[in-house]
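*Asks:* Before I ask anything, here is the structure I am working with.
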Ligand SMILES: [Fe+2]
Ligand SMILES: [Fe+2]
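Numbering (the working numbering), first residue to last: 253 to 496.
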């Protein structure tokens, strides 16, 4: 941060620290995931994308350092390696399809979603250091999202993207926390979280839905993926967040 963090209440400070500590862990996991994907891409038809995955891994390590810095500014020190992230592709897929699945989940869904979140946070970030970090991360995550869309386009040219359609519910379920569509503790809806670079829970959920409907589903459909099952999953999940 450029100076002292804004004077906020303890719950906001604690939630901000925990959110940036969580992002630190997610960034380190992403580093490992992209390095693993780069290795796999090198042995597949989409080998030309391997250097992008390799560079993304380096970006994520730098992002983790930025997130650790912000977590510390809010009062939580993070350190140490994290466990490698689990494989996300369902068992039984051919290596080419499993890699495509993981790239779609990590990049087309998660990274595209991150771009939306980071971009939405920028207008509220008054602290110059926070703004700089949000901007740096957003610029890189755009590239990481593009890697996934490029991999999907490559698979589409091979005529091998249709398998993803029925798998979208599991992929999307794996992309959100268990409580994502449930009402949150009022402290997690505090609009002052925005000044710490953290989206209140309901706003984050709204943005996720908008990004799926406005960007991710259309992008998948353009690459030959039937999104009917994914859209049905979203409708059912979103209905859980509506009272009554
Ligand atoms: Fe990142
Ligand atoms: Fe990323």
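Where is the CB? At the ideal position from N, CA and C, for every residue including glycine.
Under 7 Å from any heavy atom of ligand 1, does the C-beta of residue 217 make it?
*Replies:* Given a span of 253 to 496 for the chain in the structure shown, any question on residue 217 remains unanswerable.
*Asks:* Could you check whether residue 273 and residue 330 sit closer than 8 Å to each other, using their CB atoms as the reference points?
*Replies:* Taking the chain shown and counting its residues from 1, the one referred to as residue 330 is at position 78. Taking the chain shown and counting its residues from 1, the one referred to as residue 273 is at position 21. Contact flag set, yes.
*Asks:* Within its chain, find whatever has a CB closer than 6 Å to the CB of residue 366; leave out the 5 residues flanking it on each side and keep chain order.
*Replies:* Start at 1 with the first residue of the chain shown, and residue 366 comes out as number 114. Excluding sequence neighbours, residue 366 sits near 393.
*Asks:* Assuming the contact rule is C-beta atoms closer than 8 Å, residue 425 and residue 485 should be a hit. Round their C-beta distance to whole Å, please.
*Replies:* Taking the chain shown and counting its residues from 1, one reaches residue 425 at position 173. Taking the chain shown and counting its residues from 1, one reaches residue 485 at position 233. Right, the Cβ-Cβ distance comes to about 7 Å (below 8 Å), so this counts as a contact.
*Asks:* Hey, how far is the Cα of residue 375 from the Cα of residue 404?
*Replies:* Against the chain shown, residue 375 aligns to sequence position 123. Against the chain shown, residue 404 aligns to sequence position 152. Between residue 375 and residue 404, the C-alpha separation is close to 32 Å.
*Asks:* Could you give the distance in angstroms between the alpha-carbon of residue 407 and the alpha-carbon of residue 382?
*Replies:* The count along the chain shown starts at 1 and reaches residue 407 at position 155. The count along the chain shown starts at 1 and reaches residue 382 at position 130. Distance between the alpha carbons of residue 407 and residue 382: 38 Å.
*Asks:* The alpha helix (DSSP H) that contains residue 328, what's its start and end?
*Replies:* Indexing the chain shown from 1 puts residue 328 at position 76. First-last for residue 328: undefined, no H or E at that position.
*Asks:* Rounded to a whole number of angstroms, what is the C-alpha to C-alpha distance between residue 316 and residue 289?
*Replies:* Numbered from 1 along the chain shown, position 64 holds the residue referred to as residue 316. Numbered from 1 along the chain shown, position 37 holds the residue referred to as residue 289. Cα to Cα, residue 316 sits roughly 19 Å from residue 289.
*Asks:* Whose C-beta lies closer than 6 Å to the C-beta of residue 396 among residues of the same chain, with five residues either side of it excluded?
*Replies:* On the chain shown, position 144 is the one that residue 396 refers to. Same-chain partners within the cutoff: 308, 359, 363.
*Asks:* Kindly indicate which three-state DSSP category residue 378 falls into: helix, strand or coil?
*Replies:* As a position in the chain shown, residue 378 is number 126, starting the count at 1. Coil.
*Asks:* If I measure Cβ to Cβ from residue 481 and keep anything under 7 Å in the same chain, skipping five residues before and after, which residues do I get?
*Replies:* Residue numbering aside, residue 481 sits at position 229 when the chain shown is read from its first letter. These residues qualify, in order along the chain: 417, 418, 420, 421.
*Asks:* Quick check on residue 426: does DSSP put it in helix, strand or coil?
*Replies:* Here the question's residue 426 lines up with position 174 in the chain shown. In the structure shown, residue 426 sits in coil (DSSP, three-state: anything other than H, G, I, E or B).
*Asks:* For residue 400, count neighbouring Cβ atoms within 10 angstroms of its own Cβ and tell me buried if that reaches 16, exposed if not.
*Replies:* Start at 1 with the first residue of the chain shown, and residue 400 comes out as number 148. Its Cβ being crowded by 16 or more others within 10 Å, residue 400 is buried.
*Asks:* Apply the 10 Å Cβ neighbour rule to residue 356 and answer buried if 16 or more other Cβ atoms are within range, or exposed otherwise.
*Replies:* The residue you call residue 356 lines up with position 104 of the chain shown. Counting Cβ neighbours within 10 Å, residue 356 comes out buried, since at least 16 surround it.
*Asks:* Under 8 Å, do residue 285 and residue 319 count as touching if we go by C-beta distance?
*Replies:* Residue 285 sits at position 33 when you count from the first residue of the chain shown. Residue 319 sits at position 67 when you count from the first residue of the chain shown. Taking 8 Å as the Cβ cut-off, residue 285 and residue 319 do not qualify as a contacting pair.
*Asks:* Which residue marks the beginning of the alpha helix (DSSP H) containing residue 289, and which one marks its end?
*Replies:* Position 37 of the chain shown, counted from the start, is the residue given in the question as residue 289. 262-294 is the extent of the alpha helix (DSSP H) around residue 289.
*Asks:* Measuring CB to CB, does residue 445 end up less than 8 Å from residue 264?
*Replies:* Taking the first residue of the chain shown as 1, we reach residue 445 at position 193. Taking the first residue of the chain shown as 1, we reach residue 264 at position 12. The answer is yes: Cβ separation under 8 Å.
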